[in-house]
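>
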Ligand code: SRM
Ligand SMILES: Cc1cc2nc3c(=O)[nH]c(=O)nc-3n(C[C@H](O)[C@H](O)[C@H](O)COP(=O)(O)OP(=O)(O)OC[C@H]3O[C@@H](n4cnc5c(N)ncnc54)[C@H](O)[C@@H]3O)c2cc1C
Ligand code: SF4
Ligand code: FES
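Protein chains in written order, with my numbering: chain A, 363 to 1177; chain B, 8 to 119.
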C-alpha cells in the first residue's frame, strides 16, 4: 500500500529531496505539500537577480505545476500549517485543510530577524526572504527615492545592489566595523566595500539603528549617534532564525532549530526535519549546499536506506554582477598555521589561503575566484598540498607563470600622480626625463627634474620609477622595510598613501601588498598615525591599532596600574586646581603624587577601573588630559618671564601657554616637547627641546631639533621673528612639516638630520606661502583633534575598556 | 575532575582585534577576539615581567605585551620569536557568540 508523505514547506530543500525520492522509488509515497507561499517551488537564491531586474520570476521556477501533476503531488498553495497532531498523525492548515500522514517532513525554512526598534512595524519596513518581499521592494522602487538596508551581510548587500540597479539611492547600515565580517577578513572586506561604493552604494559601518522614523510609512532612520538618514524603504537583513515554532508546539525536541539525528529524524520516529529549520549536531545551515546533502540522505531514509549525514563545510559567494568573491572555512591565522597571501593591487585581486599541517583549512578570494572550487575541494578532502605549496596560490592551472612584480604599486600610478610634493613633479615628467635624457642615476634625475631634490621624502619612489623604466640597468639602494609585513620603507608608504588616496588600514595593506593579513604591532600604529595625519577629516582612527596608553589615555605602569597627568598649561597652576588634585588623591587613595620633569603633576598607581571616575573629578575642576602618553604634543615648559623675572625680555609664560593651548591634542610622529625661556639664561631648558623659543629684546629666537633623552643634543636656530603671532605661525608650520614628513617614532632631531636643517629653514623661514600652507593644514587638522579624550570617556566612550567583561566568584568557579 | 563552564558574556562585548578581562579567584584572565572573529582566553600575565597582556595590541593570533613587547601566541600561550616563556591557556567555548570559560573544580578545591 502506498504510504502518505506530508511535507510542510515547499522550499528548496524538500524540492531537491523529492527529486531524489521520485528517482529512487517512484510511486512509493503519495505526497502532499503545504506551502505558506501561494506558489510553486522556485530558486530562492535567484531572488537577487529578480530584484536587480537581471531575471524574471518565470526564469527561477524550479518545479512548475506540470511537475507536481506528473508526480502525483498534491500542492496546497497559500496554506500555512498551524497544527501538527502527533497522536492522530494529521496536520491542519490555517485555511482549514487537514491531511493525515505516515511520514511527515517539516521543512519550514527560516524567519528573517526583524530588529524590534521603534517604528519596525511601519509600512515600508521589509524583510528579504521571499518573492512577496521582492515584489514590494520593486513597487516602492518605482518612486526611485532612497532605500536603507540594515545589515551588510550576503543578503543585505545583494538587496542593496538590486535596489541600486532599480534606480534607487541606497545606503547600507552595518553594526560591525567591516562588512560581511562572518565570511571575509578585513582585507577582502575593504575591497568589497570599495567596489560597492564605486557602484554608488553608500556604506556606513559601526552604525547602530536607534529607530525607524515616519508616521504612517517609513520616512527614514535615526542612528544611535544621532545621524538621520531619510529613506522610503528599510530592508532588514540582519539575520535569520530557524522557523521551529510549529515543531516546538508539537512537543518535538528543539534547540535553535529542530533537532535531528544523522538520518534527519526528529525526536518523533515518524517526523523528519529538513532544510534551514533543522539543527544537526548543533549546527543550523543557511546555504543550500549542505541542505542538498541532507536532502539526499533523507530521500534515502524514506526509501528504507541507511545513509547518514555528517555535517558540511560551507563556502560563500556573493551574487553581485561584476564582483567576484569566495570564502570558505576558517581563515583566522595562528602560530601553527601558515598563510599564503597574494595581492595584486593593480588587478584588484586578493587571495589568502590558510594552511595547517600542509592542508588548506580556509580560503578567501577576491577579484579572481575561478580557483575557489578547486581550493574548496582540496580543503574538504584534506589533501596534503606540500608538493605544490610554492605555486598553490596561483591556482590549478598554474604552469610556471610569471613571478609577481614588486613594483606593481608604483607601476599602477597614473602619469599625473604627484611624486615629489616639494617641487610638484609628477610621474610622467620623471619617466619621460629618464628615457628622453637617458638618465641612469638618482642625481641625474634630481638635476633634471628637481624630483627628490628637496626634502628627499620621495627618493624611494623616484628610485622605483627608475628601476621600472630602466629595468636591470638601475640598481636602487636598499630601503629598510617598515617591518616584516612589507618590503616598503616608511617613506614609500607615506608617499603612496597620499598618491593613491588610501584612507584606511585595510586599504593600505591591500594596495601596497602587505604580506600579512592584519599587520603587526609595529606597522599598525605607524599606519594609523600616517592616516590620521594625512586625512584628518576623513580617516576614522583605528583604536585597536594604538598602543594601550593612547587607547586609555593614561600611562601604563610596571604593575598594570596607570598614571594620570593633567595638563597644567605652561606649568602654571593655582590653589583651586591644587585643591582639586588633593581631593582626587584622597578620594581614590592614590599612592604617589610626583612633580614631573615636564612641569606638572603626575598621579601614579591608579587602577584602570577608577580612571573614568578620576577624570570626571579632574574634569570638573577644568583639567584636560596632559597627553603624557601620546605620540603627540606633550608639554610646553616655560619660565616666569618678563612678568616677574628681572631679566625677562618677553612674556615667556604667556607665549608658552598660548602655544600649548593652540597645539594640544595634535598627534605627531613621536612625542613633541616644547619650551619657552624668557631670556638666554634659558631656565626652561628650551635649547634641548624638539622646538624651543629663547626670548630676546628684539623678538623671539626659534630653536629646533634638540634632544635630552637617549641622546643629548643642543638645538639649532631656525630663525628670529619679531612678534608672538609670527613665533606661533613658524612653530606650528614647522610642526606640520614634521608631522607630514617624518617616519613614525622619529623625533624632530632625527628627521631634521635626515632631510637637512637648511631645507627646513628654507621652507619655514623663507618660503612664506609654504609656511602658511603648513600652518593652515595644521589648523584644519586641529578642528578634529582638539577633543579632550578624558571628558569623552567620562561621557561613556570606549566604556568597555574600563570594566572587566565578567567577574567570577570563588563560589561560581568551584561549583 | 569535572569541567565547569562559566558564562562570561557575548563575543560582541569584545572589540575586534581587542581584549577584555575576566576577574576570577585565580587571577585575571584575558579574553581576546581576533580580526577573524576567533576568541581565546589566556592568563592575563606576561611570562616576562607580568605585564597585562589584555592591554596589548592584537595582531593575527598573537598579542604584543604592552610593557616590553613580548609577542605571545593566543593559541599556545607561548612567547614567539626569540623570547621564551609561556602563559596558561584557558579553555573557551563559543556557542553562537555566547562565551564560557572552563574551570576545573578539582584544581580549585586543591587551591582552596
Ligand atoms: C613622568 C616623567 C618623569 C618624571 O617624573 O619627571 C617621565 C616618565 C616617563 N618617560 Fe620621560 N618622563 C618625563 C620627562 C622626560 C623628559 C624631561 C622633559 O620632558 O623635559 C625627558 C627628556 C627630554 C626629551 O624627551 O628629549 C624624557 C625622556 C624620555 C625618553 C627618551 C626619549 C628620546 O627620544 O630620547 C623616553 C623613552 C621614549 O619615549 O621612548 C621616556 C619615556 C618615559 C616613560 C613614558 C616610560 C614609558 O615608556 O613608560 C615614563 C612614563 C612614566 C609615567 O607613566 O608617568 N622619557 N622624559 C616626566 C613626564 C613629563 C610630563 O609632565 O609629561
Ligand atoms: C535573497 C536570498 C539569496 C540567497 N542566496 C543564497 C546563495 O547565494 N547561496 C546559498 O547557498 N543560499 C542562498 N540563500 C539561502 C537559501 O535560499 C536557503 O538556504 C534555502 O532556500 C533554504 O531552503 P529551505 O527549503 O530550508 O527553506 P525555504 O526555501 O525558505 O522554504 C521554506 C518554505 O516553507 C514555507 N513555510 C514556512 N512555514 C510554513 C508552514 N507553517 N506551513 C507551510 N509552509 C510553511 C515558507 O513559506 C517557504 O516557502 C539565499 C536566500 C535568500 C532569501
Ligand atoms: S628615566 Fe624615565 S623612563 Fe627611565 S625610569 Fe625614570 S621615568 Fe622611567
Ligand atoms: S612584561 Fe610583557 S614583555 Fe615584559
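We treat Cβ as the ideally placed atom computed from N, Cα and C, and that holds for glycine.
As the structure is a computational prediction, the values presented were derived from the model and not from experiment.
Using the beta carbon as the reference atom, which residues fall closer than 5 Å to any heavy atom of ligand 4, ordered along the chain?
In chain order, the qualifying residues are 53/B, 55/B, 56/B, 58/B, 72/B, 74/B, 75/B and 77/B.
> Answer with yes or no whether the minimum CB distance from residue 98/B to chain A is below 8 Å.
Your numbering for residue 98/B matches position 91 in the second chain. Closer than 8 Å: no.
> Whole alpha helix (DSSP H) runs in the region 577-649 of chain A with 4 or more residues, listed along the chain?
With a minimum length of 4 residues, the continuous alpha helix (DSSP H) runs that stay inside the region 577-649 of chain A are 607-611.
> Tell whether a beta-carbon distance below 8 Å holds between residue 986/A and residue 1152/A.
Counted from its first residue, the first chain places residue 986/A at position 624. Counted from its first residue, the first chain places residue 1152/A at position 790. Closer than 8 Å, so yes.
> Who pairs with residue 465/A in a beta bridge, going by DSSP?
Walking along the first chain from the start, residue 465/A turns up at place 103. In DSSP, residue 465/A forms a bridge with 367/A.
> For residue 432/A, count neighbouring Cβ atoms within 10 angstroms of its own Cβ and tell me buried if that reaches 16, exposed if not.
Here residue 432/A is taken as the residue at index 70 of the first chain, counted from 1. The residue is exposed, with fewer than 16 neighbouring Cβ atoms inside 10 Å.
> So, is residue 560/A buried or exposed, given that buried needs 16 or more other C-beta atoms within 10 angstroms?
Walking along the first chain from the start, residue 560/A turns up at place 198. Exposed is the call here.
> Confirm the yes/no value for this check: CB of residue 472/A, any heavy atom of ligand 2, distance under 7 Å.
Start at 1 with the first residue of the first chain, and residue 472/A comes out as number 110. Yes.
> Just the chain B side, please: which residues come within less than 8 Å of residue 539/A by C-beta, in chain order?
Here residue 539/A is taken as the residue at index 177 of the first chain, counted from 1. Chain B residues near residue 539/A: 23.
> If we ignore side chains and look at the alpha-carbon of each, how far apart do residue 915/A and residue 1035/A end up?
By 1-based counting over the first chain, the position of residue 915/A is 553. By 1-based counting over the first chain, the position of residue 1035/A is 673. Whole-angstrom Cα-Cα distance: 18 Å.
> Can we count residue 517/A as close to ligand 2, meaning its CB is less than 7 Å from some heavy atom?
Working through the first chain from its first residue, we reach residue 517/A at position 155. The answer is yes for residue 517/A.
> What residues in its chain sit with their C-beta under 7 Å from that of residue 691/A, if we drop five residues either side in the sequence?
As a position in the first chain, residue 691/A is number 329, starting the count at 1. Closer than 7 Å at the Cβ level, and outside the excluded window around residue 691/A, lie 675, 723, 724, 725 and 741.
> What I want to know is whether the C-beta of residue 460/A ends up closer than 7 Å to one or more non-hydrogen atoms of ligand 2.
Looking up residue 460/A in the first chain gives position 98. Incorrect: residue 460/A has no Cβ contact closer than 7 Å to ligand 2.
> DSSP three-state call for residue 721/A: helix, strand or coil?
Your numbering for residue 721/A matches position 359 in the first chain. Looking at residue 721/A - three-state DSSP - the assignment turns out to be strand.
> How many whole angstroms separate the CB atoms of residue 934/A and residue 1015/A, which I take to be in contact at a CB cut-off of 8 Å?
As a working note, residue 934/A is residue 572 in the first chain. As a working note, residue 1015/A is residue 653 in the first chain. Yes, they are in contact, since the Cβ atoms of residue 934/A and residue 1015/A sit about 6 Å apart, within 8 Å.
> With distance defined between alpha-carbon atoms, name the residue in 957/A, 1069/A, 979/A and 913/A nearest to residue 942/A.
Counting from one through the first chain, the residue named residue 942/A turns up at place 580. Measuring from the Cα of residue 942/A, the nearest candidate turns out to be 979/A.
> Find the residues of chain B that neighbour residue 878/A, judging by a C-beta separation of less than 7 Å, and give them in chain order.
If you number the first chain from 1, residue 878/A lands on position 516. Within chain B, the residues near residue 878/A are 67.
> Could you tell me the alpha carbon to alpha carbon distance between residue 1137/A and residue 1105/A, rounded to whole angstroms?
By 1-based counting over the first chain, the position of residue 1137/A is 775. By 1-based counting over the first chain, the position of residue 1105/A is 743. Cα-Cα distance, rounded: 20 Å.
> Taking the C-alpha atoms as reference points, what is the distance between residue 633/A and residue 715/A?
Your numbering for residue 633/A matches position 271 in the first chain. Your numbering for residue 715/A matches position 353 in the first chain. Looking at the two C-alpha atoms, the distance is approximately 41 Å.
> State the DSSP-derived secondary structure class of residue 738/A, mapped to helix, strand or coil.
Counted from its first residue, the first chain places residue 738/A at position 376. Residue 738/A falls in the helix class under three-state DSSP.
> Residue 1162/A versus chain B: which residues are under 9 Å apart at the beta carbon?
Locating residue 1162/A in the first chain gives position 800, counting from the first residue. Result: 20, 21, 22, 25 and 27.
> Starting from residue 16/B, find everything on chain A with Cβ-Cβ shorter than 7 Å and list it in chain order.
In the second chain, counting from the first residue as 1, residue 16/B sits at position 9. The contacting residues are 1167 and 1168.
> Let me make sure I understand the geometry here. Which of 653/A, 607/A, 663/A and 657/A has the alpha-carbon closest to that of residue 631/A?
Along the first chain, read from residue 1 onward, the residue named residue 631/A stands at position 269. Nearest of 653/A, 607/A, 663/A and 657/A to residue 631/A, Cα basis: 663/A.
> Leaving out the 5 sequence neighbours to the left and right, which residues in its chain are closer than 8 Å to residue 996/A when beta-carbon positions are compared?
For the purposes of this step, residue 996/A is identified with residue 634 of the first chain, where counting begins at 1. Answer for residue 996/A: 960, 988, 989, 990, 1033, 1034 and 1035, listed in chain order.
> Taking the beta strand (DSSP E) that residue 705/A falls in, what are its first and last residues?
On the first chain, position 343 is the one that residue 705/A refers to. Where residue 705/A is concerned, the enclosing beta strand (DSSP E) stretches over 699-706.
> Kindly list, in the order they appear in chain B, the residues whose Cβ is closer than 8 Å to that of residue 698/A.
Residue 698/A sits at position 336 when you count from the first residue of the first chain. The contacting residues are 82 and 83.
> Should residue 407/A be listed as close to ligand 2, given that the test is whether its C-beta is under 7 Å from any heavy atom?
Looking up residue 407/A in the first chain gives position 45. Residue 407/A Cβ: within cutoff of ligand 2.
> What's the gap between the Cα of residue 538/A and the Cα of residue 592/A?
Stepping through the first chain from its first residue, residue 538/A is reached at position 176. Stepping through the first chain from its first residue, residue 592/A is reached at position 230. One C-alpha to the other measures close to 21 Å.
> According to DSSP, simplified to helix, strand and coil, what is residue 61/B?
Mapped onto the second chain, residue 61/B falls at position 54. In the structure shown, residue 61/B sits in a helix (DSSP, three-state: H, G or I).
> So which residues on chain D does residue 101/B lean against when the C-beta distance must stay under 8 Å?
The structure shown has no chain D; the protein chains it does contain are A and B.
> Under 8 Å Cβ-Cβ, which residues of chain A neighbour residue 71/B?
Position 64 of the second chain, counted from the start, is the residue given in the question as residue 71/B. Residues of chain A passing the Cβ test: 882 and 883.
> When the Cα atoms are used, what is the spatial distance from residue 654/A to residue 671/A?
As a first step, residue 654/A must be located in the first chain, where it is residue number 292. As a first step, residue 671/A must be located in the first chain, where it is residue number 309. About 11 Å.
> With DSSP collapsed to three states, give me the class of residue 762/A.
Translated into positions along the first chain, residue 762/A becomes position 400. A caution first: residue 762/A carries a pLDDT of 39, below 50, which makes its placement in the model unreliable, though a value can still be read off. DSSP places residue 762/A in coil when its eight states are reduced to three.
> So which residues of chain B does residue 547/A contact, with C-beta pairs closer than 9 Å?
If you number the first chain from 1, residue 547/A lands on position 185. Neighbours of residue 547/A on chain B, chain order: 42 and 43.
> Leaving aside the five residues before and after residue 55/B along the sequence, list all residues of the same chain whose C-beta is less than 8 Å from its C-beta, in chain order.
Mapped onto the second chain, residue 55/B falls at position 48. Taken in chain order, the residues that qualify are 72, 74, 75, 77, 86, 90 and 92.
> Around the Cβ of residue 800/A, are there at least 16 other Cβ atoms within 10 angstroms (buried) or fewer (exposed)?
As a first step, residue 800/A is located in the first chain; it is residue number 438 there, counting from the start. That one is exposed.
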